[in-house]
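Below: one structure, written as structure tokens.
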Amino acid sequence: MARASADGHTARSTPLSRLRSAVVGPPAIRRLTITHAVDDIADSLITLSLIGSLLFSVSLEASRSRILLFLLLTAAPLAIVAQVVGPALDRIRAGSRFVVISSHIARAVFSLLLSSSLLSLAFYPLVFGILLSRKAYALAKTAMVAQLAPERAELVAASGHLARTGTIAGGVGTAIGGALIGLVGVEWLPIVASAVFISAAVLAARIPSVAVEPRAESAVIRVETPIEVRRATPAVAIIRAAEGALTFLLALSIKRGGGDEWIFVAALVAAGIGTFLGTMVSPRLHRAFSSDGILMLTLLIPGTMSAFGVLTIGSLSIVAIALAIGLAGSVAARAMDGLYGAVPHLMRGRVIARSELVFQLANVTGAAAAVLVYPGPRVGFAAVAALLVLGGAAYASEVHLSLRHEAGRWLLGQRPRAVTEGLPLALLAEAIRFREQGDHYVAIVVADSAVRVLDARSPSSSESKAEATWEVLTDSVDAVIAGALDPTATESLAVIEAAAALIGERAHARGSGTVEVTPG
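First residue of the sequence shown? That's 75 in my numbering, and the numbers climb one at a time after it.
See the structure below:
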């Protein structure tokens with residue numbers, strides 16, 4: 075049945091509109107989807123230009139040393155970006171789009187310079203610059219998706235669609251790169267990539283801007299990672315370490331050669347298929363399970379499969395392990411994107427930067443362990459299995475989950491728990507925003523609401539300085555709410571500081587971080 079749209083016209087779901095949605099995603103992220111696809115095509119061209127010199131053009135021992143240097147180059151940029159880009163995303167109006175455009179322009183310049191430096195001493199500094207700007211783009215893109223699709227279910231679906239688009243576009247870029255190598259040579263790949271990056275920058279400029287209120291200097295919020303993200307980060311880091319180890323266990327096995335070379339190629343393809351499938355099943359999983367339950371499953375299922383595969387090591391078991399780990403990594407990444415969406419705008423950039431730095435370091439650690447030790451497939455997969463199973467058990471214990479309870483809740487049709495444990499912190503961030511806008515009455519009301527929610531969820535069991543300070547302000551807060559007192563800027567800041575101290579104290583007691591608000 076036709077549905078009337080807001081402008082009076084009739085909106086119908088036509089085959090063309092359904093095809094457009096399938097290709098470029100929901101309307102909110104369509105321009106970002108196109109930009110991301112073009113970006114991944116260019117990235118694939120650059121990656122192809124690096125592969126020969128890093129791995130397959132030299133001996134096994136030489137390739138291992140080059141791989142270790144490359145891993146160092148991949149980890150170092152994010153350590154820098156996390157300190158610079160994260161705060162910029164929080165402080166600058168439309169900061170995400172600015173970082174995306176700047177990243178594309180920077181990579182266009184570095185790629186053009188790289189075209190004449192593949193065999194020179196300038197090779198590694200240019201690669202470092204490309205990786206640095208690529209990490210900045212990744213952080214900004216993640217923050218931008220959370221702005222364009224703020225609802226959790228919508229965010230998970232949008233993140234999955236972007237990942238699928240990137241996978242397909244990467245394959246297209248690889249095919250184009252292979253054709254160019256055969257026709258004109260590998261040195262032309264960075265030149266073509268530079269032009270594609272410029273195209274991506276032009277497209278990024280057309281992405282709708284979701285402006286976040288800039289924070290004034292009168293009050294600054296300093297926050298540790300919220301508890302939902304904080305406790306999920308180690309679980310996802312374990313999966314990323316397993317992915318890194320798997321990739322280079324397979325890559326070095328290909329390098330070593332032998333009659334089973336095709337098995338490892340098939341396993342690499344299976345890991346890519348698993349990653350793609352993960353983007354498709356994630357929205358359904360989030361409708362059926364909580365984020366904690368999903369993360370527990372992403373550790374235990376591939377861990378168990380790896381353990382069984384080690385007992386019967388062979389072609390099918392290696393491919394199955396690769397498929398399971400690729401699938402788990404993709405689902406875990408979508409789960410983290412959903413958690414990022416629950417983080418208040420005023421701190422989202424820094425939270426994403428910190429978590430993604432941990433994930434990158436975990437991935438590099440797993441890969442470096444595989445390259446340094448290279449124990450062979452059976453022992454390597456056994457170590458991966460132990461890491462995943464023990465990590466899953468530890469995570470389930472920390473969040474008080476069990477497979478039996480999750481399965482029972484799912485069979486009974488109960489909805490997963492909402493991600494709302496960060497509500498007091500989100501309300502506090504809103505109170506700061508209202509104060510910066512000069513609305514001190516609303517700022518105090520919202521800060522009081524943050525404390526009331528906090529009391530309802532984690533009541534205090536002891537007296538403390540923070541509790542006493544808030545108690546002293548209670549009468550003034552009640553007077554403001556009743557309209558009997560017109561608050562000043564100093565009074566609203568005092569209430570926000572007291573609420574922040576109280577929230578931070580309770581968070582510290584639960585081991586979930588601290589909150590501090592200080593005058594600028």
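Just so you know, even glycine gets a beta-carbon here, dropped at the ideal spot from N, CA and C.
Treat the numbers as computed from the prediction; the structure is a model and nothing was measured.
In the structure shown, Ile-281 adopts coil according to DSSP, grouped into three states.
Taking the Cα positions, Val-201 is about 19 angstroms away from Ile-175. Short of 6 angstroms from the beta carbon of Pro-498, and not among the five residues preceding or following it, lie these beta carbons of its own chain, in chain order: Ala-524, Val-527, Leu-528 and Ile-577. Taking Ile-313 as the centre and dropping the five residues before and after it, the same chain places the C-beta of Thr-372, Leu-373, Ala-402, Gly-403 and Ala-406 closer than 7 angstroms to its C-beta, in chain order. In the structure shown, Glu-510 falls within a helical segment according to DSSP collapsed to helix, strand and coil.
In the three-state scheme derived from DSSP, where H, G and I count as helix and E and B as strand, Ala-530 is classed as helix. Three or more Cβ pairs closer than 8 angstroms define a contact, and the segment 241-252 falls short of that threshold against the segment 419-439. For Leu-559, the three-state secondary structure derived from DSSP is coil.
Taking a C-beta distance under 8 angstroms as the contact criterion, Ala-396 and Val-463 do not qualify as a contact pair. Separation of the CB atoms of Thr-241 and His-110 is rounded to 11 angstroms, and the pair is thereby denied contact status at 8 angstroms. In the DSSP assignment, Ile-103 falls outside any alpha helix (DSSP H), carrying neither H nor E.
Cβ-Cβ distances below 8 angstroms link Met-354 to Gly-234 and Arg-238 in the same chain, with the five nearest sequence neighbours on each side left out; the list follows chain order. By the 16-neighbour rule on beta-carbons within 10 angstroms, Val-258 is exposed. Going by DSSP, Phe-197 is part of the alpha helix (DSSP H) stretching over 197-222. DSSP places Ser-365 inside the alpha helix (DSSP H), whose first and last residues are 365-385. With distances taken between CA atoms, Ala-436 lies nearest to Val-458 out of Val-458, His-360, Ala-505 and Asp-560.
By the neighbour-count criterion, in which 16 or more other beta carbons inside 10 Å mark a residue as buried, Thr-307 falls on the buried side. Counting only residues of its own chain and dropping the five nearest sequence neighbours on each side, Pro-376 has a CB closer than 6 angstroms to the CB of Ala-398, Ile-399, Ala-402 and Leu-462.
If you compare the alpha carbons of Ile-255, Gly-557 and Ala-409 with that of His-514, the shortest gap goes to Gly-557.
The DSSP-derived three-state label of Glu-537 is coil. Secondary structure of Val-569 (DSSP, three-state): helix. The count of Cβ pairs closer than 8 angstroms, one atom from the segment 339-351 and one from the segment 428-442, stays below three, leaving the stretches out of contact. Assignment of Val-417 by DSSP, reduced to helix, strand and coil, places it in the coil class. In the displayed model, Gly-318 falls within a helix according to three-state DSSP.
Residues Ser-207 of the same chain have their beta carbon placed closer than 6 angstroms to that of Ala-180, with the five preceding and five following residues left out of the count. Proximity to Ile-120 across Leu-213, Pro-101 and Val-266 peaks at Val-266, based on C-alpha coordinates.
One Cα belongs to Val-453, the other to Val-310, and the distance between them is close to 23 angstroms. Taking the C-beta atoms as reference points, Ala-217 is found no nearer than 8 angstroms to Gln-434. Closest option to Tyr-211, judged by alpha-carbon separation, among Val-112, Pro-264 and Ala-223: Val-112.
CA-to-CA, the gap between Ile-301 and Gly-415 works out to about 14 angstroms. One thing to note: Ser-471 has its Cβ no nearer than 8 angstroms to the Cβ of Ala-517.
Contact check for Ile-281 and Arg-509: beta-carbon distance about 30 angstroms, past the 8 angstroms limit, so the pair fails to qualify.
Comparing alpha carbon positions, the residue from Glu-571, Leu-559 and Ala-220 closest to Ala-503 is Glu-571. The alpha carbon of Arg-305 has as its nearest neighbour, out of Met-410, Met-379 and Asp-114, the alpha carbon of Met-410. When the alpha-carbon of Ala-116 is set against those of Pro-101, Met-370, Leu-146 and Trp-262, the nearest one is in Trp-262. In this structure, DSSP gives Gly-259 a state outside helix and strand, which the three-state scheme calls coil.
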